Structures are given as C-alpha cells and as structure tokens.
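Note that the sequence shown covers residues -15 to 327 in the numbering used here.
We put the beta carbon where it would ideally sit given N, CA and C, even for glycine.
Values in this document were obtained by computation on a predicted structure and should not be read as measured data.
Report on the following structure.
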Amino acid sequence: MSRPVRIALIPGDGVGGEVMAEAVPCLDWAVARGRCLEAVPLPYGAEHYLATGETLPEHAFTTLRDGCDAVLFGAVGDPRIPDGRHAEQILLRLRRELELAVNFRPCRPLAPGFDPAINLEIYRENTEGPYCLQGTTEPGRAVDYAIHTEPAVHRLLACAFQRAAVLGRPLLLAHKANVLKHGHGLWLRVYADLKAQFPTVDARTMHADALLCALVQDPKAFGIIAADNYLGDLISDLTAAYVGGMGMAPSLSWAPHRPFRCAALAEPVHGSAPDIAGQGLANPVGMFLSLALLFRHLGWEPEATALEAAVGEALHAGFRTRDLGGTHGTSEMGKAVRSQLPT
Ligand code: NAD
Ligand code: IPM
Ligand code: MN
C-alpha cells in the first residue's frame, strides 16, 4: 500500500479556525472514499505565540518540510500582535522556505447573481518582491527592498505560459516596469524568452494600473493574469469581488521544482477577519474551494470536482453567509456544502 499523503493543518488565527473546522470533515470524507491521507494538526498562530513565545519552532518547520506533503492553512493576523511577526515567521516563511513560488488564485463565480461568464486565473509569484521583508526605518526615511530572482520569476511565468497553452486562453503579464526598471525589467526579459518558447500563446503585457481599470470594466476579456507577489496580491483581492468577496476566493501555492517533500499549501485568499471572528459569521467557501484545489493538485480529481460542485449546489439551494447577504452561519453553510458531497 502506498504511504499516506500527510496534510498539515494550521488553522491559525481569527476566522481561520472557524473555516478550517468546516473543511476538516472533507478529509474524513476523502478517506471514506478510499484516499490514503493522514492529517497533522499544528497549533501555530497568535494564541500559541502569546502563550509560549514560539512562532514556528525549528522542529515543527523541519517536520513539516520533510514529513508532510502539503499544508492546509486558515489565516494569520491578530490585533494583539500589531507588527505581524508571527504571520511573517509562519505563513511567509513557509511560502518562502518551501519555495512555493506559484500562487494560483482562480476567479470563477459560483453564486447566483455573480456573472458565471467570468473565468480568469491569477498566477502570483509567492516568495519574493517586497515580501523579502528587507528594509530599514530611520528618522525621516524608510526603505523597503523588493527582490526578484530569475529562477522564481521563471518558475511562475513558465507555469502561467503552460496553463495558457493548455487552456488556449490569453496570458497577460501585469507590471510596472516603467517605474520598477530593475525588478520588473527582469520580469519582462524572462517573459520575452518564454513568449518565444510558447508561440501559440496569445501573450501580452500591460501596466498594472491600466490593467486594473480594464479588469473592472471588462473582466470577461481576461484569461490568465501573471504578476509579481505584490501586484498579484492586490489584483487577486480585486477579482475576489467578482465571486462574492473575500470569503469566497481560494488559493493554492506550489513549488513546481519540488525541492522538498512538502510542496503545496492551500489557503483561502482572505485573512483572519478580526471584525467578525468568533461570531460564527465567516464564510467557509474560500476554504472549501482551496481544499478542492489541493485535492486536484494531489491528483484526486473526482474529490476536487465533487467538492466544487457541492459548493455550487449549496449556494444555488439558497445557503449564504452574511457577506453574501444571507443569514446562515459558518457551520450551517459548512453542513450545507458537505451534505451535497456524494458518498
Ligand atoms: P481580511 O481578509 O481578514 O478581511 C477583509 C474583509 O473581508 C473584512 O471585512 C472581513 O470581515 C471580510 N472577510 C474576510 N474573510 C471572510 C470570510 N471568510 N467570510 C466573510 N467575510 C470575510 O483582511 P484584513 O482585514 O485586511 O486583515 C486582517 C488580518 O488578516 C491582518 O492581520 C492581515 O495581515 C491578515 N491577513 C492574513 C491573510 C492570510 O493569512 N493569508 C490574508 C489577508 C490578511
Ligand atoms: C494574502 C495575504 C498575505 C499576503 C498577508 C497576510 C501577508 O494578504 O495571502 O493574500 O500579503 O500575501
Ligand atoms: Mn492578500
């Protein structure tokens, strides 16, 4: 028998735990269908940090990196830790040190009232740019560096080009090379090399500011959008509005070159939502859809498709949390989705 797929569960902070609790039974469902997996719950987040001073201890990082295949993540961020150091040392460290350069953020409306003809995918570089977290604050002057390296940019853009080629969809690279001459200059060079290697892909580049206007005016015109870490973060929050808001948008990060056993991380696009945390109001859909992306990444296509269909059916049956104008709580929404799963 093959070894079980080990999935680390990090609920994190705020609504992270609430949406994670709804998704975890889907792992049991996958097991009941014959999938061989083992969940590894990990306690790291604000509560653990405030109680112990530990963010992500070395032994946990090593176990995760070498002893797990993937991470399912809730959210991090806590008003009691205003400098966000635990978020840096847990989430951003995992993205960076597991070399999860590709962050995939699809935008496909499923809820009634949102335009189902929109179908775009964001490929966000996930480890570099200003997320190198290097800089200085001096009196009257502050500096944030942004680092871009050819291997990470190439990994991201190669995935985006491959995807565009397979789907036969247009590819757009968002950039600001008119200002960020060094960093985004590198992006344009790597892009030009890949464009020559993928002659069938309808690829172009656009200044990110102009792109945002076009994206609001005509989202249906877009297919694959590639961007660096910072622009991709902003663009994916904008496109979350097309699916119903922050609570609805999923993401999956992976390392195409698989440097470690742990080479994937699924997490909703939203954060810990301190304004609604602890009230049972959070929408678990972004988390369900992130788990579906992970199932697909693991090669479990029937489970991925069934979970996405279950979300669509629950929404079409009228189940909606407050962010979508409904009255259902997190656990009612979660049950509604799970009740649509086939046995
Ligand atoms: P946020 O995504 O937490 O919240 C933005 C808005 O969306 C809020 O009004 C919130 O109530 C709403 N929202 C978010 N998730 C929702 C859900 N599941 N259901 C319904 N509504 C939802 O962003 P923020 O307020 O800018 O950040 C809060 C904290 O989260 C900060 O500490 C931030 O750094 C962190 N954050 C973490 C992640 C992550 O862990 N991946 C992502 C974004 C923000
Ligand atoms: C996201 C979040 C994170 C990011 C924060 C929490 C650091 O906004 O996953 O989109 O900026 O990447
Ligand atoms: Mn974000």
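Proximal residues to residue i (C-beta, below 7 Å), its chain only, five neighbours per side dropped
i      : result
THR184 : ALA149
GLU72  : LEU117
ALA136 : ALA85, GLU109, THR111, GLU112
TRP238 : LEU84, VAL86, ALA247, ALA248, HIS281
ALA224 : MET230, MET232, ALA233, VAL253
LEU222 : LEU196, LEU199
GLY216 : ASN87, ILE106, ARG108, GLU109
Where residue i falls: helix, strand or coil (DSSP)
i       : result
TRP238  : strand
PHE145  : helix
LEU275  : helix
ASP67   : coil
GLY313  : coil
GLY318  : helix
CYS246  : coil
ALA257  : coil
CYS10   : helix
TYR129  : coil
ILE74   : helix
THR327  : coil
ASN103  : coil
ARG49   : helix
THR289  : helix
HIS159  : strand
ARG108  : strand
ALA(-8) : strand
PRO90   : strand
ALA16   : helix
ALA54   : strand
GLY0    : helix
VAL150  : helix
GLU81   : helix
GLY231  : helix
PRO203  : helix
GLY332  : In this structure the chain extends from -15 to 327, so residue 332 is not present and cannot be described.
ALA180  : helix
GLU22   : strand
Chain-order list of residues whose beta-carbon lies under 6 Å from that of residue i (same chain, five-residue window excluded)
i      : result
ILE208 : GLU105, ALA144, ARG147, ALA148, ARG153, LEU155
ALA187 : LEU155, LYS179
LEU75  : VAL60
HIS132 : GLU112, GLY167, LEU170
ILE102 : PRO93, PRO203, LYS204, TYR226
TYR33  : THR39, HIS70
GLU287 : ALA14, PHE279
ILE65  : ALA30
LEU172 : ALA161
Counted within 10 angstroms of its Cβ, other Cβ atoms place residue i as buried (16 or more) or exposed
i        : result
TYR214   : buried
PRO329   : Outside the shown range of the chain, which is -15 to 327, sits residue 329, and nothing can be said about it.
ASP62    : buried
TYR129   : exposed
THR36    : exposed
SER(-14) : exposed
CYS52    : buried
THR314   : buried
ARG322   : buried
HIS241   : exposed
PRO(-5)  : buried
VAL295   : buried
VAL3     : buried
VAL(-11) : buried
GLU6     : buried
GLU134   : exposed
GLY1     : buried
Nearest-angstrom beta carbon gap, residue j and residue i [assumed within contact, 8 Å]
i       : j      : result
LEU140  : GLU109 : 4 Å
VAL227  : PHE98  : 6 Å
VAL269  : MET232 : 5 Å
PRO234  : LEU277 : 6 Å
VAL(-1) : ALA266 : 4 Å
SER274  : LEU218 : With 8 Å as the limit, SER274 and LEU218 do not qualify as a contact, their Cβ atoms being about 19 Å apart.
SER(-3) : SER220 : The sequence given here has Asp at residue -3, not Ser. Between SER220 and ASP(-3) the Cβ distance is about 20 Å, and since that is not below 8 Å, they are no contact.
Close Cβ partners of residue i (< 8 Å) along its chain, the five nearest in sequence each way excluded
i      : result
ALA293 : GLN324
VAL8   : LEU(-7), ALA23
ALA44  : LEU26, TYR28
ARG245 : ARG49, ASP50, GLY51, CYS52, ASP53
GLY119 : ALA126, VAL127, ASP128, TYR129
GLU334 : The chain is shown only over -15 to 327; residue 334 falls outside these bounds and no answer can be derived.
Heavy atom of the ligand MG within 7 Å of residue i beta-carbon
i      : result
ASN267 : As presented, the structure is devoid of the ligand MG, carrying the ligand NAD, the ligand IPM and the ligand MN as its sole ligands.
Do the segment 12 to 30 and the segment 86 to 93 make contact, defined as three or more Cβ pairs closer than 8 Å? no
Touching by the beta-carbon criterion (3+ pairs, under 8 Å), the segment 301 to 312 and the segment 273 to 290: no
Any contact between the segment 119 to 129 and the segment 217 to 231? By contact I mean 3 or more CB pairs, one from each, below 8 Å. no
For the structure I just gave you, are there three or more beta carbon pairs, one from the segment 155 to 169 and one from the segment 187 to 206, closer than 8 Å? yes
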